[in-house]
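J.:
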Amino acid sequence: MRVDNTPYRSIWADVAARQAFVIDQTLLPHRFVVRPLQSLTDAEEAIRAMRVRGAPLIGVTAAYGVALAMASDPSEAALEQAVNRLAATRPTAVNLSHALERMRTRLLALPAAGRIAGAWAEAERLAEEDLRLNRAIGEHGLVLLRVLHQRFGRSINVLTHCNAGWLATVDYGTALAPLYLAHDAGIPLQVWVCETRPRNQGLLTAWELQQHGVPHTVIVDNAAGHFIARGKIDIVLVGADRVTRRGDVCNKIGTYLRALAARHHGVPFYVAVPSPTIDWAVDDGMAHIPIEERDGAELRRMTGVDAAGATSTVSLLPETTPVANPGFDVTPAEFVSGLITERGVIAANEAELTALFPQSCAPAK
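Numbered per the numbering used here, the sequence shown spans residues 19 to 383.
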């Protein structure tokens with residue numbers, strides 16, 4: 019995608035220099051800053067601090083983190099330590115464990131002398147695969163939007179929640195990929211962007227859409243039901259941090275409420291999900307997906323740009339005020355109209371998932 023007409027990915031590497039680069043998303047949409055990752059600690063901090071976020075991007079960043087660790091020490095002990103440290107950064111996104119297990123398996127099969135080059139090569143492969151998966155999701159989602167446009171004969175109103183754009187992946191995005199392709203194909207769109215408190219990832223969505231020229235409007239989270247109830251939304255399109263084998267969807271907190279409102283008012287609710295986001299070992303999402311409890315400071319404080327143009331953080335609540343801050347919720351499969359995968363659009367149920375990805379199935383919990 020482009021930033022001020024310059025092509026970027028959300029993460030890229032200079033393999034010869036043994037370093038990777040990421041866009042610091044904690045500074046967006048006000049400042050665009052590229053940060054180098056030069057060590058395992060840098061990668062670990064980038065994930066924990068949400069300089070990078072979005073399940074696919076977290077997985078690829080962790081893969082580069084392993085490569086950075088191997089550049090310092092290619093021993094088996096160092097590999098295990100790197101995998102364990104990175105696995106502890108964000109427990110909900112299954113792409114993280116998928117990428118780390120793939121790196122671990124690949125590198126343990128190599129002698130220590132080959133692990134540095136092998137790690138960088140595997141991390142690069144993961145990044146390229148993510149790009150291809152997201153482009154394919156975009157193509158399949160484009161079909162849905164084209165059908166809606168033909169049915170209504172007007173601009174399509176799409177509601178999003180959180181950010182599932184190119185900033186959450188290596189490129190294209192998941193839920194936003196169909197929107198970019200539809201816009202480029204001349205299908206008129208109006209995107210209604212939930213701000214997604216407390217981290218305000220919706221502002222990243224708005225920044226992305228502005229860069230690409232897609233018409234959009236930011237709304238407060240509590241306005242989503244209002245717009246759905248009044249017939250202002252034609253389709254809800256979100257991403258996911260984890261999807262169970264029966265189709266339960268774990269995504270940013272607030273997604274469940276969007277799904278409930280959509281179901282009640284007959285609005286289709288679709289989830290864009292690349293196959294590495296499917297957790298085949300989990301059946302019941304409510305029972306078995308760990309929900310990350312975020313720092314209470316995210317609720318008590320807010321950061322923005324003041325009248326002088328300086329970045330400022332203000333307090334919304336006293337430090338003594340108790341808060342609860344779950345980062346995600348689970349939407350049961352019954353409320354999901356369909357899953358948009360790289361292999362096509364299917365119903366959110368175990369039969370269709372296992373039929374589409376037969377080689378990936380594993381016993382469920």
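All C-beta atoms in this analysis are idealised placements derived from N, C-alpha and C, irrespective of residue type, glycine included.
#1: In chain order, which continuous runs of the alpha helix (DSSP H) of length 4 or greater are located wholly inside the segment 267–299?
#2: Out of PHE353, ALA186, GLU311 and PRO92, which has the shortest C-alpha to C-alpha gap to ALA131?
#3: Identify the residues that DSSP records as bridge partners of ASN175: which are they?
#4: In whole angstroms, what is the alpha-carbon distance linking ARG215 and ASP313?
#5: At the level of alpha carbons, what is the spacing between PRO376 and THR329?
#6: Ends of the beta strand (DSSP E) at GLY231?
#7: In three-state terms, what does DSSP make of GLY220?
#8: Between ARG169, LEU357 and LEU374, which lies nearest to ALA366 when the distance is taken from Cα to Cα?
#9: If you count every other CB in all the chains shown that lies within 10 Å of the CB of TYR190, and 16 or more means buried, which is it?
#10: Residues in the same chain with beta-carbon distance under 8 Å from VAL341, minus the five sequence neighbours each way, listed in chain order, please.
#11: Can you tell me which of the three DSSP states ALA64 falls into?
#12: Report the residue ranges of all alpha helix (DSSP H) runs contained in full by the segment 110–175; include only those spanning at least 4 residues, in chain order.
#13: Relative to the C-alpha of ILE309, which candidate in ALA193, LEU97 and ILE271 has its C-alpha closest?
#14: In the DSSP output, what is THR329 paired with across the bridge?
#15: Do the CB positions of VAL363 and LEU162 come within less than 8 Å of each other?
#16: Taking its Cβ as the centre, do 16 or more other Cβ atoms sit within 10 Å of GLU360, making it buried, or is it exposed?
#17: From PRO233, GLU142, VAL354 and ASP301, pick the residue whose C-alpha is nearest to that of VAL289; which is it?
#18: Which partner residues of GLN37 appear in the DSSP bridge assignment?
#19: With THR10 as the anchor, note down where its beta strand (DSSP E) starts and where it stops.
#20: Specify the secondary structure class of LYS383 as computed by DSSP and reduced to three states.
#21: ARG143: buried (16+ other C-beta within 10 angstroms of its C-beta) or exposed?
#22: Taking all protein chains shown into account, decide if LEU126 is buried (16 or more other Cβ within 10 angstroms of its Cβ) or exposed.
#23: May I ask you to list the residues that DSSP assigns as paired with THR24?
#24: Count the C-beta pairs between the segment 199–216 and the segment 52–59 that are closer than 8 Å, then say yes if the count reaches three, no if not.
#25: Which word fits GLY231, buried or exposed, when buried means at least 16 other C-beta atoms lie within 10 angstroms of its C-beta?
#26: Which residue wins for smallest C-alpha separation from ALA137, given the options ILE307, TYR274 and ALA31?
#27: For PRO344, count the other beta carbons within 10 Å of its own beta carbon; 16 or more makes it buried, fewer makes it exposed. Which is it?
#28: Helix, strand or coil: which one does DSSP assign to THR262?
#29: Are the segment 103–113 and the segment 259–266 touching by the rule of at least three beta carbon pairs closer than 8 Å?
#30: Output needed for LEU197: all residues of its chain with C-beta closer than 7 Å, excluding positions within five of it in sequence on either side, in chain order.
#31: Please report the distance separating the alpha-carbon of ASN23 from that of GLN228.
#32: Can you tell which of ASP347, THR321, ALA247 and ARG281 has its C-alpha closest to the C-alpha of CYS268?
#33: So, at 6 Å on beta carbons, what are the nonlocal neighbours of ALA85 in its own chain, with the 5 sequence-adjacent residues on each side left out?
#34: Does DSSP put PRO54 in a helix, a strand or coil?
#35: Taking only the alpha-carbon atoms, compute the straight-line gap between THR79 and THR235 and give it to the nearest angstrom.
#36: How big is the Cα-Cα spacing for SER90 and ARG133?
T.: In short, the structure shows the following:
#1: 273–282
#2: PRO92
#3: GLN208
#4: 13 Å
#5: 50 Å
#6: Element bounds for GLY231: n/a, residue is neither H nor E.
#7: helix
#8: LEU357
#9: buried
#10: GLY314, LEU317, ARG318 and LEU335
#11: helix
#12: 112–126 and 133–170
#13: ILE271
#14: VAL323
#15: yes
#16: buried
#17: VAL354
#18: ASP32
#19: Residue 10 lies beyond the residue range present for the chain, which begins at 19 and ends at 383; the question has no answer from this structure.
#20: With a pLDDT of only 48 at LYS383, under 50, the local geometry of the prediction cannot be trusted, and the value read off the model is given with reservation. Note: LYS383 maps to coil in three-state DSSP.
#21: exposed
#22: exposed
#23: VAL21
#24: no
#25: exposed
#26: ALA31
#27: exposed
#28: strand
#29: yes
#30: VAL176, LEU207, VAL209 and VAL232
#31: 12 Å
#32: ASP347
#33: ALA137, TRP138 and ALA141
#34: strand
#35: 30 Å
#36: 11 Å
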